[in-house]
Amino acid sequence: MTTLADPVPGGRPGDVERATALCGELSARGVHGVVLACTDTAGITRVKTVPTAKLASAAAWGVGMSPVFDTFLADDSHVATDVLGSPDGDLRLYPDLDRLTVLAAQPGWAWAPVDRITQEGEPHPGCARTALRRTVADAAARHGLAFRAAVEVEWMLGRGDAPGGAFVPVAPGPAYGAVRQVELSDWAAELLAALAAQGVDVEQLHPEYAAGQFEVSVGALDPVAAADRSLLVRQTVRAVARRHGLRVSFAPAVGAEGVGNGGHLHLSAWRDGRNLHAGGDGRYGMTAEAESFVAGVLAHLPALTAVTAPSPASRLRLRPSQWAGVFTAWGRETREAALRVVTGTVGVRERAANLEIKPVDLAANPYLALTCAIAAGLDGIASSAPLPGEITGDPARLDPAAAAALGVRRLPESLAESVEAFRADPVVRGALGPVLADAVVAVRRGEIAAAEGLDDERLAAAYRWVY
Ligand code: GLU
Ligand code: MG
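Taking the numbering used here, the leading residue of the sequence shown gets 1, the next gets one more, and so forth.
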C-alpha cells in the first residue's frame, strides 16, 4: 500500500534513516543517481535527478522545482492561472521511498515518484499525486472503500534512425502477429526481464493492432501505486527500446489515420477486503454498489475526458470502431463501449472483476485521471445511481433513435467540448480542488490554442514524441 501521509520538512518519520541505508545499498549496486519523476497537468512526465549520495537530503528536505510546470504545455510553453504559472516560488519534491526502484535498463540509475510540498511545509494544491492520495484516504475514512487499479500501456515502436521526427514502424507485421513477436524477440525478452527485475508484475505483453504497436498489461495495485507504476513502465519501455536503437511513442496517435494508443484504466471498488464487482446480486455479479459505481463513471464520462484524453491529439484516437470507446455506454467484455465490465473467468472473479474505462490515453496524467474516475464512481455510489441497460456490439451501428433510447451518446469530439463538460461538472472538477481544476482548464485551453490550425498530420507530428 502507498504511504498516504504528506511529506513534511525534515522527512516523513523514519525516511531519513531509511534513505541513508538505501544510499549505501544503491551505491554498492553501482547506482549513481536517482530520477525523481512527476507528471504535469499536460501529461508530460518531468524529472529532476540527484546523485545517490543526496538521497537522504532529498528525503529530509526535498529537491527544488519551480511550480511553473503545473501550467506547462506539451510544447514547453506555459500559461498561467490566478495561482499557478508564475516564475516565482519553489516547491520541494519528496521521493516516495517505498517506490524507489533500481532501473534495470538504465544502468547507474534508480527511480522514484514524488509528492510536492511548499517551502512552508504545506501540501502543494497543484500536486496531482497528493490529490490522488487524498481521494484514496478520504474514500477509506468516509466510505470504508478501497480501490485497485491498473493502467494498460500501449505504444508504437519506431525506428530510431527515422529522419526528422517521422514515425517508421519497426516490424510492421500483422495485428497480434507472430511475425512481429519473432522480429522483436530480443527486445521483448529484455523488456520482460527489466520489468521483472523492477518488481512489475506483468500480465501480458503482446503485439497490438497497428504496425509497430505493442501493449503491456500489469497487475492491479492501490490507485497511487498503479499510477506510479504506469510511469515506471513507460520509463522502462523507452529505455529498453533505446538500447535497441528504437524509439517509442505513447502518444494517442502517431499519425492522422489508424488506431491509436490507449491507456485504459482498470478500476475496482472494495469493501472490507471484498471486491464489490463480484459475487453480488446485480448484473454479471456486480453488487448494488458496484452497479452504482459504474453508473457514476458513465454519467461523468464527458467531463472525465478532459483529464483522460487531454491532448489535442487525443481526438485522433477517439474515433468510433477502433476500440477506443467513444460512446457513453457499458457492456460486458465489449470493446467498443466506453465502459467494459470485466467479470474475469470462473474461479478468479473475486479477484479479477473490474471496470475498464476505455476513453483514456497516455497523454493523461494518471494521478488526475484516477482521482476524477474514483470521484465519479463514488458519486454514483453516494446517489445510488441506477445503471442503465447494457449494450452489445458496436454502438456506432445503432440508429440514432435506438441510441437515444439507450442513452448512448458520442463523447466530446473536441478538446474544447471536453473542457466545457469538465467546467460544468462539479463532481469531476471538485475532485481536483480549485487550484488543480483551474490548471486543467488553463492548460487545455493553452493546448487548444497551440494546436489551432494544424491539420491531422501536423497535429499527430506535434505530439508524437512528447509523452
Ligand atoms: N488501441 C486501442 C485504443 O486506442 C485499444 C485496443 C485494446 O482494446 O486493447 O484504445
Ligand atoms: Mg490493447
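Backbone N, C-alpha and C define an ideal beta-carbon position, used for all residues, glycine too.
Under the criterion of a Cβ to heavy atom distance below 7 Å, does residue i qualify as lining ligand 2?
| i | result |
| --- | --- |
| G262 | yes |
| E154 | yes |
| E208 | yes |
| E336 | no |
| R390 | What sits at residue 390 in the sequence shown is Glu, not Arg. For ligand 2, not one heavy atom lies less than 7 Å from the Cβ of E390. |
| E215 | yes |
Taking buried to mean at least 16 other C-beta atoms within 10 Å of its own C-beta, is residue i buried or exposed?
| i | result |
| --- | --- |
| V179 | exposed |
| Q119 | exposed |
| G10 | exposed |
| D15 | buried |
| S185 | exposed |
| A256 | exposed |
| G347 | exposed |
| D161 | exposed |
| A28 | exposed |
| Y176 | exposed |
| S418 | buried |
| S230 | buried |
| S292 | buried |
| G199 | exposed |
For residue i, which of helix, strand or coil comes out of DSSP?
| i | result |
| --- | --- |
| S249 | strand |
| W61 | helix |
| W323 | coil |
| Q119 | coil |
| P395 | helix |
| P207 | strand |
| L362 | coil |
| R29 | coil |
| I448 | helix |
| R340 | strand |
| F167 | coil |
| F377 | It should be noted that the sequence gives Gly, not Phe, for residue 377. G377: helix per DSSP, three-state reduction. |
| T371 | helix |
| P522 | Here the chain comprises residues numbered 1 to 467, so residue 522 is not present and cannot be evaluated. |
| W330 | strand |
| Q181 | helix |
| S217 | strand |
| T49 | strand |
| L318 | coil |
| A197 | helix |
| T308 | helix |
| A71 | One point to set straight first is that residue 71 is Thr, not Ala, in the sequence displayed. Three-state result, T71: helix. |
Please determine whether the Cβ atom of residue i lies at a distance below 7 Å from any heavy atom of ligand 1.
| i | result |
| --- | --- |
| R317 | yes |
| W270 | no |
| Q204 | no |
| V342 | no |
| V151 | no |
| V259 | yes |
| A241 | no |
| A363 | no |
| W61 | no |
| W323 | yes |
| K358 | yes |
Since residue i and residue j are thought to touch, with beta carbons under 8 Å apart, how far apart are those beta carbons, to the nearest angstrom?
| i | j | result |
| --- | --- | --- |
| L132 | L362 | Contact doesn't hold; Cβ gap of about 17 Å is too wide. |
| V224 | E203 | V224 to E203, Cβ: 20 Å. No contact. |
| G62 | P7 | 7 Å |
| F250 | Y467 | 4 Å |
| L84 | T71 | 5 Å |
| F327 | V408 | 5 Å |
query = What are the start and end residues of each continuous alpha helix (DSSP H) run of 4 or more residues lying completely inside the region 91-158, in chain order?
reply = List check, alpha helix (DSSP H) in window: 128-143.
message = List, from N- to C-terminal side, the alpha helix (DSSP H) runs of 4 residues or more that fit wholly inside the region 394-443.
response = Qualifying alpha helix (DSSP H) stretches, in chain order: 400-406 and 415-423.
task = Identify every run of the beta strand (DSSP E) within the region 219-283, keeping only runs that are complete inside it and at least 3 residues long; order them along the chain.
result = You should have 246-249 and 265-271.
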